[in-house]
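In the numbering used here, the protein residues as written are 6 to 190.
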């Protein structure tokens, strides 16, 4: 597992659209379908990554806490399933159901959504405001497998609370860290 950090980009970019299959429902879902009235969190994750496995319970809790408050959420997996069959759609469905995902889990075989969002690791997070402008592109919290820091979602929760209260989210953000996206070659 190669430790990779979220790619620094200028905040304020508009959320790219996508149309991808939800592995649980089988429905095609676009950004507009999951967009929240007050904001939207797009997460790039996968099943096999130990960094995702370490925080998955907090991702589920974020959904339970913030979807009712008007935040749309979605998880997208783009990994090459030839090299990483455990990240394929059937296993994704099992993973989502096992953990009780309150948000759709989409599969992007083309990997185009990751390119559009400049995602490079799992987990990789983009938080958009009600106008679909990116306001946060940082870490969930400082916890990593083996570092003995509890998983709390502290930094993402701060960003979400500031977004909901209309406060400006500081532009200085600690990038997320995890496994590199497994690109097709």
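We treat Cβ as the ideally placed atom computed from N, Cα and C, and that holds for glycine.
Item, Value
"Where the alpha helix (DSSP H) through residue 118 begins and ends", "117–122"
"Of the listed residues 115, 52, 76, 180, nearest to residue 90 (C-alpha basis)", "52"
"Cα-Cα separation between residue 3 and residue 179, rounded to whole angstroms", "Residue numbering for the chain in the displayed model covers 6 to 190; residue 3 lies beyond these limits and cannot be assessed."
"DSSP-derived helix/strand/coil call for residue 148", "coil"
"Every unbroken beta strand (DSSP E) within the region 29–63, with a cutoff of 3 residues, ordered by chain", "33–35, 44–49"
"Cutoff 7 Å; reference residue 8; Cβ partners in own chain excluding five residues on either side", "182"
"Under 7 Å between C-beta atoms of residue 47 and residue 131", "yes"
"Residue 165 beta carbon less than 7 Å from that of residue 71", "yes"
"Where the alpha helix (DSSP H) through residue 170 begins and ends", "159–170"
"Residue 140 (DSSP reduced to helix, strand or coil)", "strand"
"Rounded C-alpha distance that separates residue 156 from residue 65", "12 Å"
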